[in-house]
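Residue numbers (the numbering used here): -4 to 73.
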């Protein structure tokens, strides 16, 4: 449902997902701005995701492809 707010527990989970995605980026030595050089079309959008913004499964799949991993690996051990 678009626009539905998330619970506190869900917000914590999204922040963990964002932190994992940030870790993938920094492990490659990329700045937010550099992700555009690697195929991501808007670094500000990725910044929001890394901060815990709720994302769709399609976006998660695209993030995984950017870092040459799978959505499952991103969500693993959270």
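Heads up, the beta-carbon is just placed ideally off N, CA and C, and yes, glycines get one too.
- Within its own chain, the residues whose Cβ lies closer than 8 Å to the Cβ of residue 59, once the five positions on either side in sequence are excluded, are 65, 66, 68 and 69, listed in chain order.
- Residue environment for residue 5: exposed (fewer than 16 other C-beta atoms within 10 angstroms of its C-beta).
- Linking residue 17 to residue 50 through their CA atoms gives a straight-line distance of about 14 Å.
- Assigned with DSSP and collapsed to three states, residue 50 falls in coil, not helix or strand.
- If you draw a straight line from the Cα of residue 48 to the Cα of residue 14, it is about 11 Å long.
- For the 8 Å CB-CB criterion, residue 12 and residue 73 form a contact.
- Cβ-Cβ separation between residue 27 and residue 38: approximately 4 Å, consistent with a contact (criterion under 8 Å).
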